[in-house]
Structures are given as C-alpha cells and as structure tokens.
Amino acid sequence: MLNDWLVKRSQFTPDKTALVDAVSGERLNYRELERRVSSLVSYLQQYDLKKGERVAVIGYNSIFYLTLLYALPRVGAVLVPLNFRLSPGELSGILKNASPSLLFYSSELIGLAESATESIEPLETKEIEEAENHLDKFPPGQAVSGSAQLDHLEPEDPWMILYTGGTTGLPKGAILSYRMVTWNAINTVVSWGLNPDDVVLMPMPFFHTGGLNVLTNPLIYLGGTVVVMQSFEPEFYLEVLEREKGTIIFLVPTMFQMLTETERFEKADFTSVRFCISGGSPCPESLYHRYWQKGLLFKQGYGLTEVGPNCFALDDRKVKEKIGSVGRPVFHGRASLVDDQGREVPSGEVGELIMSGPHVFSGYWNNREATEKALSNGWFHTGDLARCDGDGFYYIVDRKKDMFISGGENVFPVEIENVLYQYPAVAEAAVVGVPHPKWGEVGRAYVSFQEGASATEEELLKHCREHLAKYKVPREVIIKDSLPKSPAGKILKRSLH
Numbered sequence: 068m069l070n071d072w073l074v075k076r077s078q079f080t081p082d083k084t085a086l087v088d089a090v091s092g093e094r095l096n097y098r099e100l101e102r103r104v105s106s107l108v109s110y111l112q113q114y115d116l117k118k119g120e121r122v123a124v125i126g127y128n129s130i131f132y133l134t135l136l137y138a139l140p141r142v143g144a145v146l147v148p149l150n151f152r153l154s155p156g157e158l159s160g161i162l163k164n165a166s167p168s169l170l171f172y173s174s175e176l177i178g179l180a181e182s183a184t185e186s187i188e189p190l191e192t193k194e195i196e197e198a199e200n201h202l203d204k205f206p207p208g209q210a211v212s213g214s215a216q217l218d219h220l221e222p223e224d225p226w227m228i229l230y231t232g233g234t235t236g237l238p239k240g241a242i243l244s245y246r247m248v249t250w251n252a253i254n255t256v257v258s259w260g261l262n263p264d265d266v267v268l269m270p271m272p273f274f275h276t277g278g279l280n281v282l283t284n285p286l287i288y289l290g291g292t293v294v295v296m297q298s299f300e301p302e303f304y305l306e307v308l309e310r311e312k313g314t315i316i317f318l319v320p321t322m323f324q325m326l327t328e329t330e331r332f333e334k335a336d337f338t339s340v341r342f343c344i345s346g347g348s349p350c351p352e353s354l355y356h357r358y359w360q361k362g363l364l365f366k367q368g369y370g371l372t373e374v375g376p377n378c379f380a381l382d383d384r385k386v387k388e389k390i391g392s393v394g395r396p397v398f399h400g401r402a403s404l405v406d407d408q409g410r411e412v413p414s415g416e417v418g419e420l421i422m423s424g425p426h427v428f429s430g431y432w433n434n435r436e437a438t439e440k441a442l443s444n445g446w447f448h449t450g451d452l453a454r455c456d457g458d459g460f461y462y463i464v465d466r467k468k469d470m471f472i473s474g475g476e477n478v479f480p481v482e483i484e485n486v487l488y489q490y491p492a493v494a495e496a497a498v499v500g501v502p503h504p505k506w507g508e509v510g511r512a513y514v515s516f517q518e519g520a521s522a523t524e525e526e527l528l529k530h531c532r533e534h535l536a537k538y539k540v541p542r543e544v545i546i547k548d549s550l551p552k553s554p555a556g557k558i559l560k561r562s563l564h
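Written as structure tokens, this is what we have:
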C-alpha cells in the first residue's frame, strides 16, 4: 500500500511550515499545502490523464512545481521535469522519447516551450501562471479518511522520469518509482540524522535529482521545511539562510566556493546550521578547511540520479579523520568495488563502485540497452572508481571514463585537480587525458583563477611537480576565464577537449 505523503502530513503536523517561497515570502503549512495539492488534482481531472501518462514541466523552481509533484500520483500520471537550459532541439528529442500528454511551462520560457514542441503532436501545453490563477475555481476534493489510498498504483510504478545526461552525452530517462523515492527518503532521514525541525534552502533546479531528492522529498516525508529558491545567488542565499534559520546547507563545490567569495560570508550568521554537505562532484580539500574555520561541520556526499541519490553517510565524528571520504553505505543499501571482470577488489584497491538496495532505480525509459548495461543482478554499475579503507569508509577516486593511462600507469584526474586546487590563485581546475605519441596519453589541465589572482603556466606546473609523481604532472596548463559547467554545477570536461 502506498500512502499519500501530504494527506498524512496534514494529519500529523498540519500547522508545521512545509514550503517557503524565498522571493515572495509565501509560506504554506502542511494543511495548506495539502489543500493546494487537492485543488490541483481537481484541476488536472479536466485533462482525463490515464495511469502512466507523462506530464512534463519546463519551469523554474516554484511552489507550483512541488504541488504538481505531489498531485500527479493521485491521478496516476508521471512527472517529467525538463532542463530549461537545453536547446529547443535537445528538449524536442527528450519530449519525443517521453511522449508526454501535457506540458506545463513558465511564462518566461514560452519561447523555449513553443520551439521545443513545434514538431511534437499531439501535446497540450499550459502556462503555469495561468493554471495557478485558476486553481481557486477547483475546490479541494475530499481526502480519504485516515490516508489517501492510492489503490491504482504499485510501488514499482514510476513517480517521475528524470533525464540525466550530465557530462556523458545524450540524456537518458531514469525511471524513479514510488518505491525508490520513498526508500531514498527513509535512508536519508535515518542515515543523515534529519529531524522535523530541519530547514533547507533549495536553489538546485527541480529538473535535477539534487533539487527533488537529496533533501526536498526526504524533508517533506519527515515534516521539515523547504525554502524554494528560483536560482542560486550567493549574497541572497546567505540573506535567506539567516532569515529562515536554515539548518542544513546542501550545494555543489562551485556554489560553496562562490559563497566564500561574497562580502557577506565573513560576517554571516551560521549559528542555525547543523551541517554542510557538498555533492555533485569531488570537493577540493581547501574548501573543507574554509568552512571548518567558520566552525561549521562540512562533509562530502555522493549519489546519482539512478541510485538514491543519497548513497552514503559520514559519521560527524569522523569528518576530519576521514577527510575526502563519503562515508559508509546508507542504512538500507549495499556497496561493492569490482574490477573489469566483476570480481571484488581487495580493501584499499581501486575498483568500480556498484550499488544495490531498495533505492536503486527501475531502468531507463524506452532504453533497454542502456538499462541492461547499467543493471546486473540488482546491482547498479555507477561508472565511478572508488576505494574502501580498512574501516569500511569509501572514497570516490574518479569517473571510470575520465581515468587515462600514461606510460602504462593509471592516472586519476581528480588527484591532479586536488593538487591544483591547493594553489591559492586557482578557483576551478579540470584535467583530461589527451593523446601522446610516446606515452599514449598525458594530462592537460584547465584552470580559472580567483578574482584578482593569477599565476603563470610554469608556476602551476612547478607546483604540480612538487606534489605529484612525474607521470601525473600535466604536460600543459590552459588558463581560461571560467570552465564550462552543467546545470548542476559540474565542470563539463567533454566541452574542454
């Protein structure tokens, strides 16, 4: 049996603040949010959506976005969030794969929506703002006594399809079932020690699993408070953090770095913050120390759209002893490291990280080949290389595809990047392997500098030679104003070649 989270919350904690709009200041408690969801369900009934039909969204983070997330299960439809930073052609390809019956779009994105749907038939489109303005004409339906019985749904039915391309090419639609999303919430609450008094600011886009599933869904499940932010503006983020007394800061390393560069950072009041967790990409060690100096608990997380995304948890008492570790697998999850033949590697050695548990996705939408490649006997192959120390703590080494071989030696770009980040002037660093006639491949580094800082290529190479084996030292360093990044803040290495 599946429970309706909002009906349950409106019964257990009706007066607790559920959502806050960071810009308008609008606040909804769980009773009000449930009513808003119920009205949207009434509104959606005019479209006669059938079980399993997809409803797509091209829009900025908003309370409506989350209301739609919790309304669609009641009509059996599946949410398909779309990345508004993609080109019309890219979005059109995703729409053809997902085949939604209905598309909601933000008024500011009407041009993008019209271009992306030009060749998609039949597809009904609706402006989000117009739908919101009509909700008061659709009174909330009667909630089922005790809980909302979603009898038309099974745990394995899709709740959402998130298209993940990230840094690896054409997007694939990861099917996130009710079973998966619920177990990720349970794992996060139990393993990360969340509580109903937690408040999190969420600037991560809702078309990304970081926006919906790292903390938003787990906190709604638990009865916490989510502050919805349309975008990440460092000064404004710190202002809202103080105003709303945020207890958890979840950002990617680039965003954490941007906070430190603001004038407000030094005088900001972080007394309400319980911990900071960095995700999305490896975190430079210097960033840990920057936040530790502020007296903050700062640690690294790890996850993927297809698994969780919250896969590990690090004991607060071990953060400084195990710097760089993502911790141990979450409470209801398993991890293993294997070689290219699928054999488990010994403790301390590098292998591909594979994961299993109830928080693993159901496969890729309309892509059996990719599903069979990623899933094997219940284990998801992450494509990430990691090692596990003698105490059972995991360390992410690099993406398997990013590793290159120079003169017969395995070279992990992240190791070189960490050294570059130790140079005070460096703000961003990325290393890729490029062909070489003698060594097969050698490293090429790309860097950008902190504002007002600079260094020469030779100074950076000298720094690398002082801290790395000779075969790991890049052959060249290319200096750029900034490095290309994905919507999730990850550096796009494929755009650097």
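All the letters of the sequence shown, read from the start, carry residue numbers 68 to 564 under the numbering used here. Ideal Cβ placement from N, Cα and C applies to all residues, glycine included.
Counting the other CB atoms within 10 Å of its CB gives Phe-79 a total below 16, which places it among the exposed residues.
Annotated as distal: Pro-541 and Leu-550, with beta-carbon spacing of 8 Å or more.
Residue nearest to Asn-164 within the set Asp-458, Glu-524, Phe-273 and Trp-432 is Trp-432 (criterion: CA-CA distance). Residue range 435-441 is occupied by the alpha helix (DSSP H) that includes Thr-438. Rounded to the nearest whole angstrom, the CA to CA distance from Phe-151 to Phe-131 is 16 Å. Annotated as proximal: Gln-297 and Val-90, with beta-carbon spacing under 8 Å.
Boundaries of the alpha helix (DSSP H) harbouring Ala-138: 130-142, taken from the DSSP string. When rounded, the separation of the alpha-carbon atoms in His-448 and Ala-441 is 5 Å. Distance from Leu-220 to Pro-148 at the Cβ level is roughly 19 Å; contact not present, criterion being Cβ atoms closer than 8 Å. Ranked by Cα distance from Val-498, the options Glu-482, Pro-320, Gln-489 and Pro-425 are led by Glu-482.
If you keep only unbroken alpha helix (DSSP H) runs of at least 4 residues inside the region 480-532, you get 480-488. When the alpha-carbon of Lys-83 is set against those of Tyr-304, Gly-291, Gly-178 and Glu-416, the nearest one is in Gly-291. Between Ile-242 and Glu-526, the alpha-carbon positions lie close to 47 Å from each other.
The three-state reading of DSSP puts Met-470 in coil, since its state is none of H, G, I, E or B. Glu-543 has Arg-511 as its beta-bridge partners, per DSSP.
The Cβ atoms of Ile-187 and Pro-238 do not sit closer than 8 Å to each other. Contact check between the region 166-182 and the region 315-325: fewer than three CB pairs, one atom from each, fall below 8 Å, which does not count as touching. The beta-bridge partner set that DSSP reports for Val-267 consists of Val-293 and Ile-315.
Residue pairing by DSSP puts Thr-231 in a beta bridge opposite Lys-239. Apart from the 5 residues on each side of it in sequence, Ala-522 sits with its Cβ closer than 6 Å to the Cβ of Ala-492 in its chain, given in chain order.
Excluding residues up to 5 positions away in sequence, Val-147, Leu-149, Pro-167 and Leu-170 lie with their Cβ nearer than 6 Å to the Cβ of Ala-123 in the same chain. In the three-state scheme derived from DSSP, where H, G and I count as helix and E and B as strand, Gly-278 is classed as helix.
As summarised for the region 370-455, the continuous alpha helix (DSSP H) elements at least 4 residues long and confined to that stretch are 435-441, given in chain order. By the Cβ-count criterion, Lys-117 is exposed, with fewer than 16 other Cβ atoms from all chains shown falling within 10 Å of its own Cβ. In the structure shown, Tyr-461 adopts extended strand secondary structure according to DSSP, grouped into three states. For Glu-181, the enclosing alpha helix (DSSP H) stretches over residues 177-183. When C-alpha distances from Pro-81 are compared across Asp-88, Leu-95 and Leu-69, the shortest belongs to Leu-95. Non-local C-beta neighbours of Glu-524 in its own chain, meaning closer than 6 Å and more than five positions away in sequence, comprise Val-544, ordered along the chain. Using a Cβ-Cβ distance cut-off of 8 Å, the region 416-432 and the region 356-366 are not in contact, since fewer than three pairs of beta carbons, one from each stretch, lie closer than that value. For Ala-123, the uninterrupted beta strand (DSSP E) run begins and ends at 121-125, by DSSP. Taking 8 Å as the cut-off, the beta carbon of Pro-207 is found no closer than this to the beta carbon of Ser-182. Excluding the 5 residues flanking it on each side, Phe-299 has same chain C-beta neighbours closer than 7 Å at Pro-270 and Met-322, in chain order. Straight across, the Cα-Cα distance linking Glu-191 with Phe-273 is about 22 Å.
Here the C-alpha atom of Leu-86 lies approximately 21 Å from the C-alpha atom of Ser-109. Just so you know, the alpha carbons of Leu-487 and Cys-343 end up roughly 23 Å apart.
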